[in-house]
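J.: Okay, so the sequence shown: first residue is 1 according to the UniProt record's numbering, each after it adds one. This is the structure, below, for whatever I ask next.
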Amino acid sequence: MEGLKAALESARTAYEQMEADLKESDSNLLNMTKQLDNANAAQKVASEALEAANKEKKRLLEEAKSREEEISGLRKELANSEKGKKEAEDGKKEVEARLANAEADFVANFHNTEAYTNFADYFARVGQQEVLTALRNDHPEFDVKNLEVRFLPPDAEGEEDS
Numbered sequence: 001m002e003g004l005k006a007a008l009e010s011a012r013t014a015y016e017q018m019e020a021d022l023k024e025s026d027s028n029l030l031n032m033t034k035q036l037d038n039a040n041a042a043q044k045v046a047s048e049a050l051e052a053a054n055k056e057k058k059r060l061l062e063e064a065k066s067r068e069e070e071i072s073g074l075r076k077e078l079a080n081s082e083k084g085k086k087e088a089e090d091g092k093k094e095v096e097a098r099l100a101n102a103e104a105d106f107v108a109n110f111h112n113t114e115a116y117t118n119f120a121d122y123f124a125r126v127g128q129q130e131v132l133t134a135l136r137n138d139h140p141e142f143d144v145k146n147l148e149v150r151f152l153p154p155d156a157e158g159e160e161d162s
């Protein structure tokens with residue numbers, strides 16, 4: 001019986017050891033399950049973050065493409081405006097040259113104009129026109145028609161309006 005008791009005691013000790021090992025295994029399994037759940041949650045968060053980052057990247061790439069197209073359009077516009085600016089400058093130079101030619105032609109042929117009979121009469125008429133214009137502007141109550149008829153020849157009256 002002693003052998004049986006010893007065998008039973010040995011079996012009980014082995015059973016208790018197995019039960020302790022099973023509890024430890026269950027505890028380890030529970031810890032590993034929690035770690036796996038945490039890892040799955042972290043993986044899900046990482047996947048969502050990656051998906052959001054990819055969407056943002058796609059949006060930024062589309063925006064960059066749009067900006068590149070806008071920049072390209074602005075560069076073309078700038079090139080066209082520079083071309084237009086050069087054409088305007090060339091046109092301005094041409095107008096200035098024509099004006100200079102017209103001025104030179106007017107000065108060269110001034111003595112042939114209707115307003116000019118001789119140098120002294122011309123400037124006297126200009127002075128009379130300025131005085132009568134100033135009188136008309138400063139004193140609108142005065143009737144300067146009689147003075148105009150008296151001092152300005154008929155062809156000079158129309159010139160003061162221009």
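Where a beta carbon is used, it is the ideal one built from N, C-alpha and C, also for glycine.
Going along the chain, which residues of its own chain have a beta-carbon closer than 6 Å to the beta-carbon of F151, five neighbours each way excluded?
T.: Indexing the sequence shown from 1 puts residue 151 at position 151. Cβ neighbours of F151 beyond the five flanking positions: Q128.
J.: Using alpha carbons as the reference points, say which of K44, F110, V95 lies closest to Y122.
T.: For the purposes of this step, residue 122 is taken as the residue at position 122 of the sequence shown. The candidate whose alpha carbon is nearest that of Y122 is F110.
J.: Quick one: give me the first and last residue of the alpha helix (DSSP H) that F106 is part of.
T.: One-based indexing of the sequence shown puts residue 106 at position 106. Unbroken alpha helix (DSSP H) run through F106: 2-108.
J.: In the DSSP assignment, the alpha helix (DSSP H) including F151 goes from what residue to what residue?
T.: If you number the sequence shown from 1, residue 151 lands on position 151. 145-151 is the extent of the alpha helix (DSSP H) around F151.
J.: Taking C-beta to C-beta, are L132 and F142 nearer than 8 Å?
T.: Taking the first residue of the sequence shown as 1, we reach residue 132 at position 132. Taking the first residue of the sequence shown as 1, we reach residue 142 at position 142. In this structure, F142 does not lie closer than 8 Å to L132 by Cβ.
J.: By the three-class DSSP mapping on this structure, what secondary structure does E141 have?
T.: Residue 141 sits at position 141 when you count from the first residue of the sequence shown. Note: E141 maps to coil in three-state DSSP.
J.: Alpha carbon to alpha carbon, how far is E9 from Q17?
T.: Here residue 9 corresponds to residue number 9 of the sequence shown, with the count starting at 1. Here residue 17 corresponds to residue number 17 of the sequence shown, with the count starting at 1. Approximately 12 Å, taken between the alpha carbons.
J.: Classify E51: buried if its beta carbon has 16 or more other beta carbons within 10 angstroms, exposed otherwise.
T.: Taking the sequence shown and counting its residues from 1, the one referred to as residue 51 is at position 51. Per the 10 Å Cβ criterion, exposed.
J.: Return helix, strand or coil for G158, following the three-state DSSP convention.
T.: If you number the sequence shown from 1, residue 158 lands on position 158. Since pLDDT at G158 reaches only 46, below the 50 mark, its modelled position is unreliable, and no value is offered.
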